[in-house]
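Asks: I'd like to ask you about the structure that follows.
In structure tokens, the structure reads:
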């Protein structure tokens, strides 16, 4: 896989992909201030169609993905979510590598990891 940043969301409470989750990518500067770089919505497979950062856009630094999971659960008319927005803060330290940041989600919790 070529360099870039991708993500997907799986809803473990529904045992499948989470379609319709709004995702925002931000770059965090040394003062802790965020600059929005990209936004997207997950597709029927729970994935964002295009990389949030392409290989050409990659730069080292601290980033944050924000997943709007409260709106996702409200849209399903599901049980209320304890979570509203899930922030995942991470570091890109090698622009030649691919970064994949999946979110495993339920109404009461989440987990994430660096995927492949």
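Numbering (the numbering used here), first residue to last: 10 to 125.
Note that beta-carbon positions come from the ideal geometry of N, C-alpha and C, so glycine has one too.
1) Alpha carbon to alpha carbon, how far is residue 21 from residue 47?
2) Does DSSP classify residue 65 as helix, strand or coil?
3) If we count the other Cβ atoms within 10 Å of its Cβ and call it buried at 16 or more, is residue 122 buried or exposed?
4) Does the Cβ of residue 27 have 16 or more other Cβ atoms within 10 Å, making it buried, or fewer, making it exposed?
5) Residue 56 bridges to which residues according to DSSP?
6) Residue 122 by DSSP, collapsed to three states: which one?
7) By the DSSP assignment, the alpha helix (DSSP H) with residue 23 in it spans what residues?
8) State the Cα-Cα distance for the pair residue 109 and residue 118, rounded to the nearest angstrom.
Replies: Taking the structure as given:
1) One-based indexing of the chain shown puts residue 21 at position 12. One-based indexing of the chain shown puts residue 47 at position 38. The alpha-carbon of residue 21 is positioned some 26 angstroms away from that of residue 47.
2) The residue labelled residue 65 in the question sits at position 56 within the chain shown. In the three-state DSSP reduction, residue 65 falls in the helix class (H, G or I).
3) In the chain shown, the residue the question calls residue 122 occupies position 113. Exposed, because fewer than 16 other Cβ atoms sit within 10 Å of the Cβ of residue 122.
4) Position 18 of the chain shown holds residue 27. Looking at its Cβ environment, which holds 16 or more other Cβ atoms inside 10 Å, residue 27 is buried.
5) For this step, residue 56 is matched to residue 47 along the chain shown. BP columns for residue 56 point to 17.
6) Taking the first residue of the chain shown as position 1, residue 122 is located at position 113. Correct three-state label for residue 122: coil.
7) Counting from 1 along the chain shown, the entry for residue 23 is found at position 14. From DSSP, residue 23 is part of no alpha helix (DSSP H); its letter is neither H nor E.
8) Indexing the chain shown from 1 puts residue 109 at position 100. Indexing the chain shown from 1 puts residue 118 at position 109. Looking at the two C-alpha atoms, the distance is approximately 20 angstroms.
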